[in-house]
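Enquirer:
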Amino acid sequence: MKSLKAVIAIAVLAVSSFAIAEGGGDRVFGRMMQENQQAMEQYAIKNGKAIPEVVHYQYGLNLDIAKVISMTPTTGSRYCGLAPSRMTYEDSSGKLNTLEYQVLVSNCPHGG
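First residue of the sequence shown? That's 11 in the numbering used here, and the numbers climb one at a time after it.
1) So, helix, strand or coil for Tyr99, using DSSP?
2) Can you say whether Leu106 is buried or exposed, counting buried as having 16 or more other CB atoms within 10 angstroms of its CB?
3) In terms of DSSP beta bridges, what is Asn117 paired with?
4) Could you give the residue range of the alpha helix (DSSP H) that holds Lys56?
5) Taking DSSP as the reference, what is the three-state secondary structure of Tyr69?
6) Assign Pro94 to one of two classes, buried (16 or more other C-beta atoms within 10 Å of its C-beta) or exposed (fewer than that).
7) In angstroms with no decimal places, state the Cα-to-Cα distance between Leu92 and Met43.
8) Considering just the uninterrupted stretch of the beta strand (DSSP E) at Ile61, what are its terminal residues?
9) I need the DSSP call for Thr108, collapsed to helix, strand or coil.
10) Out of Phe39, Val78 and Ala54, which has the shortest C-alpha to C-alpha gap to Leu109?
11) Use the C-beta contact count for Tyr111: other C-beta atoms within 10 angstroms, 16 or more gives buried, fewer gives exposed.
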């Protein structure tokens, strides 16, 4: 039963990552989100922890960050504007959490 829930969660997250990529106009970020999710699932399994659910940041969200495990990069793309990013961290109880938020990517072409 746990395996079925994990497979369903993975499928939902993969589909949502593709939706982000299509809606945002930059497939690179969608692929980075998907790769990050897979890496964090492997990290969780390797360390005997529950696979973290993705929580979307809202202003005023109370965060308990004891150790940052991973952050998706915001460089290396030719994108200019708001883009999704994720941070996976352990809270003070050792539970893995993944937070998705928006970052301003400023790889804008400069007029010359």
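Where is the CB? At the ideal position from N, CA and C, for every residue including glycine.
Note that the structure is predicted; figures quoted are calculated from it, not measured.
Expert: So, to answer that:
1) For the purposes of this step, residue 99 is taken as the residue at position 89 of the sequence shown. Three-state DSSP puts Tyr99 in a strand.
2) Sequence index remark: in the sequence shown, residue 106 carries index 96 (1-based). Burial check for Leu106: the Cβ neighbour count within 10 Å reaches 16 or more, so the residue is buried.
3) Taking the sequence shown and counting its residues from 1, one reaches residue 117 at position 107. According to DSSP, residue pairing for Asn117 in a beta bridge does not occur.
4) Position 46 of the sequence shown, counted from the start, is the residue given in the question as residue 56. Per DSSP, Lys56 belongs to the alpha helix (DSSP H) from Arg37 to Lys56.
5) Walking along the sequence shown from the start, residue 69 turns up at place 59. DSSP, reduced to helix, strand and coil, places Tyr69 outside both helices and strands of the structure shown, so it counts as coil.
6) Looking up residue 94 in the sequence shown gives position 84. By the 10 Å Cβ count, Pro94 comes out buried.
7) Working through the sequence shown from its first residue, we reach residue 92 at position 82. Working through the sequence shown from its first residue, we reach residue 43 at position 33. Near 15 Å, if we compare the C-alpha coordinates of Met43 and Leu92.
8) By 1-based counting over the sequence shown, the position of residue 61 is 51. Run containing Ile61: none; DSSP gives neither H nor E here.
9) Walking along the sequence shown from the start, residue 108 turns up at place 98. The three-state secondary structure of Thr108, taken from DSSP, is strand.
10) Working through the sequence shown from its first residue, we reach residue 109 at position 99. Considering only alpha carbons, the answer is Val78.
11) The residue labelled residue 111 in the question sits at position 101 within the sequence shown. Exposed: under 16 other Cβ atoms inside 10 Å.
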